[in-house]
Amino acid sequence: MRMIKAFAAIAATILLAACSDQQAAAPATTTVTPGSAADFRQNVGDRVFFDTDKSNIREDARTTLGRQAEWLKKYPNYQVTIEGHCDERGTREYNLALGERRANAARQYLVAQGVPAARLKTISYGKERPDPVGSDEAAWARNRRAVTALQ
Amino acid sequence: MKQLQFRFLIIIALALPSAAAAQRLDPVHVEDRFNQLQQSITVLTGQIEQLQYRNQQLQQQLEKMQADYEFRLEQLEKGGTRSGTAPAARPRTPPAAAAPAAAQGNADQAYHDAFKKLQDGDYAGAESGFRTFLQRFPQHALAGNAQYWLGETFYARRDYKNAMTAFAEGYKAYKSSPKGPDNLLKLGITLATLGRKSDACAIFARFKQDYPRATDLQKRRIEQERQKDGCS
Amino acid sequence: MNTRSDMMLPRRHTILGGVALAAGAAAPAHAQLTIDMTRPSFEPVPIAIVDFKGDKVGADIAGVVRNDLQNSGLFRSISPSAFIQQNIDPNAPPRFQDWRSIGAAGVVIGQVVQAGGNIKVDFRLWDVVAGNQATGLSFTSQPNNWRRLAHIIADAIYKRVTGEEGYFDTRVAYVSETGPLSARVKRIAIMDQDGANNRYITDGRTIALTPRFSPTLQEIVYMAYGENNGQPRVYLQSVDSGRRELLGNFPGMSFAPRFSPDGTKVVMSISADGNSDIYEMDVRGRALRRLTNTAAIDTSPCYSNDGTQIVFNSDRGGSQQLYVMSASGGNERRISFGQGRYATPVWSPRGDHIAFTKISGGTFGIGVMRTDGSGERMLASGFLVEGPTWAPNGRVLMFFRQQPNSGGRAGSVTLHQIDITGRFERQVPTPTDASDPAWSPLIPQ
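Protein chains in written order, with the working numbering: chain H, 6 to 156; chain E, 3 to 234; chain F, 878 to 1322.
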């Protein structure tokens, strides 16, 4: 196990190195301090998306959460709140519960990836905090989300 | 808490057969498996609920059809003519009381044989069939029904004296049988046919308190008969 | 209040036109002073409400009574400008012929008398067709209570004509919504059933949702977020003093609270490990009891009118459906089997129906079913309609409608009421956008 973990850490370092190489190669990118909240949002991605009325982690979300886990392990000083959200196509109380389930699914995934559970809190906003604001499928798809917010 | 225990069990279950498979110990994999299992349970729960609902609806439909059939049969009997084209439906079989499976099978068969004879217009055969059934299985869930149809075998032959005795016996011994209300109704009708209208009225008067949950159809029939006999 | 007069204006005009016609013709023979509400359709009862004599508040009282009755959809309030008989003696029978000729089935005449700092209000409802008094009542109260007196009078008239209890002397709690959707301010507000006396119960610093009245109307329970992104929790708040207490402090989110009919318990959802189950809390002793235990979402619980059962929604079978269980937990059974997802069940105060929100084929609807799930009827539908609540007489529902957002701007959110036969939908005026209505029981007199 320890070997596997060590290997994973090395692989992650390589991955991160590759990322920062790419960043360096793109001059248009504004400079963000590695390890800052802006770094997390721009280079890691702070949110993952869900299917309608579902809370299972999709394939595309696994990649993002994997990056989040590595970043959070590299910068252990951050406490995290994972916010669960829903689109407006459900009822208020049910959406509060669904948002909670989404936040928790993302949290479990990060914990399984080795982020200490004690660093990860969850909160549900149901359909109360839409981003973006809109009443079409594109907006709803972006609203079915779990956002990893750094404290 | 239940969830946690459940999760723990799965980990054990996965770990035991092939502890070597490192992938299976990967917490992400375990989480995935857990979620898949939970999803399967959800799907199954939904299917069971749907099936129970369908089943309940079919049962209600069936009960309606049975009630309708029994009503028609009764109408035919009242007409006094036995045509050979009686509908080939089966009589109501309420959930049977606990009884040894083999005896149960025999009893059901005996009942159905007797009932078939009644349908075919073989009243003497039906009479002896129901008598035998009642002697052998007096506690059977269909005993109340058998007693009632025994009465009907006499009534159909205009043997009102014996019909009255059979219905009276049914009222006394199988008051709470599903056939109880019909039995009381028929007892009253038979008494009236024998010219004992005041006795008939007295019998009809007991209907309300004995069978507060009778069907609307039964209540209407009682009311009709009461009016016909001029009961107060 | 502005919204109301804007809305009512066109209707008043059409009524005026109708009355002018009726005045010229003979009195319509069918204008009876009773309504059989079980009939599928009926004409609204034409009724004339004369400004109450004796004090200037008398005209205000008559105005509130007219408004209540007209809004119910069961009455047509005849405009005072059509009245023939003037200078009416409130203590004598009216000239019935004058009221018959303008098509009125009933006429309400009352007066206000100053009585040592209080006002004494009495009124009579005259049956114009029969030519006699149908009902009459007298009240004494403080002058600032005149609106409640007017609602109580409207309830008495409603009851005499329809045979059903009225619902005008009631309040509505709701969520007032202001600001852009990205930073929406959601506050709990309470107003009279007709939109008057609006006031705010929470300050809007954090989002507050789903208010519900206690049976005495003295408290409300609701869910609110904590300061600094704190967990949503359930609060119990005194309506008059504003004093609020946390109803149980649990590590996870607690939400969807509702009082039991006797007010001794609050049922709610509590989430642990990301999963919501239903719990019951004793209001006085704060003892907590778990009622459901599934890996699914169990929420939106609501007691039956007699307090013996709880209806709620759960996705344990793969999609949101309605379930009924014993109020002490157990004996859970699904009751909704139609096409779509079912949510926010509320048990009728009469005990005969359950109202719900249904999401099906991309639209939302408000419907009612019998308590065993049979006899489903949809009453209203739209892009988003949600959260029905019963008037205390079980004949009228209130719910909210949200219009689609567009161009990054929030669509309007408004309260509406509708008869349980699906007739007479009307918008309930509120000073701001509004959602999550909760109709109170009749105010204890």
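Built from N, CA and C at the ideal position, the CB exists for glycine as well. Here the structure is a predicted model, which is why all the values come from computation and not from measurement.
E88/H carries a strand assignment under DSSP once its states are collapsed to helix, strand and coil.
Within the segment 60 to 140 of chain H, the complete alpha helix (DSSP H) segments of 4 residues or longer fall at 64 to 79 and 97 to 117, listed in chain order. In this structure, the alpha-carbon of G1008/F lies about 10 Å from that of W976/F. K1142/F is bridged by DSSP to D1159/F. Separation of the CB atoms of T1171/F and S1191/F is rounded to 7 Å, and the pair is thereby assigned contact status at 8 Å. With contacts defined as CB atoms closer than 8 Å, A1050/F and A1257/F fail to qualify as a contacting pair. Rounded to the nearest angstrom, the gap between the Cα atoms of G1151/F and T1055/F is 30 Å. The straight-line gap separating the alpha-carbon atoms of P971/F and N964/F is approximately 10 Å. Beta-bridge analysis with DSSP links M1275/F to T1266/F and Q1294/F. Under the Cβ distance rule, A1204/F does not count among the residues neighbouring chain E, no pair being separated by less than 8 Å. Taken through DSSP and simplified to helix, strand or coil, G1151/F comes out as coil. Under DSSP, the beta-bridge partners assigned to G1103/F are G1107/F. Assignment of S179/E by DSSP, reduced to helix, strand and coil, places it in the coil class. In the same chain as R112/H, and ignoring 5 residues on each side of it, the C-beta atoms closer than 7 Å to its own belong to I87, L125 and T127, in chain order.
Between Y1044/F and N1270/F, the alpha-carbon positions lie close to 6 Å from each other. Contact of E51/E with chain F is assigned, a C-beta pair being separated by under 8 Å.
Contact between the segment 115 to 125 of chain H and the segment 40 to 58 of chain H is absent: fewer than 3 CB-CB pairs across the two stretches fall below 8 Å.
In this structure G232/E is not in contact with F206/E, their Cβ atoms being roughly 11 Å apart against a cut-off of 8 Å.
Taken in chain order, the members of the segment 1075 to 1097 of chain F whose beta-carbon sits within less than 8 Å of a beta-carbon on chain H are I1084, L1086 and T1087.
Contact between the segment 77 to 95 of chain H and the segment 139 to 155 of chain H is present, with at least three C-beta pairs closer than 8 Å. Boundaries of the beta strand (DSSP E) around Q1186/F: Q1186 to S1191. Per the Cβ contact rule, the segment 1219 to 1235 of chain F is in contact with the segment 1184 to 1199 of chain F (3 or more Cβ pairs under 8 Å). Counting C-beta pairs with one atom in each stretch, the segment 983 to 1000 of chain F and the segment 1021 to 1038 of chain F have three or more that are closer than 8 Å, which means they touch. In the DSSP secondary-structure assignment, H1230/F is bridged to R1247/F. Using a CB distance cut-off of 8 Å, N61/H counts as an interface residue toward chain E.
A Cβ-Cβ contact shorter than 8 Å links V922/F with L951/F. Within the same chain, Cβ atoms closer than 8 Å to the Cβ of D65/H are found at V53 and F54, the five residues on either side in sequence being excluded. Q113/H has a beta carbon lying within less than 8 Å of a beta carbon in chain E. If you draw a straight line from the Cα of R943/F to the Cα of D1080/F, it is about 34 Å long.
Residue contact with chain H for E1263/F: present (Cβ-Cβ distance below 8 Å to some residue of chain H). For the 8 Å CB-CB criterion, I1231/F and V1245/F form a contact. When CB distances to chain E are screened at a threshold of 9 Å, the residues of the segment 116 to 133 of chain H falling below it are V116, A117, Q118 and G119, in chain order. Per the Cβ contact rule, the segment 100 to 107 of chain H is not in contact with the segment 65 to 85 of chain H (fewer than 3 Cβ pairs under 8 Å). At least one CB of chain F lies nearer than 8 Å to the CB of Q40/E. For V1038/F, the uninterrupted alpha helix (DSSP H) run begins and ends at W1023 to T1039, by DSSP. Residues of the same chain with a CB within less than 7 Å of the CB of T69/H, apart from the 5 flanking positions on each side, are G50 and V53 in chain order.
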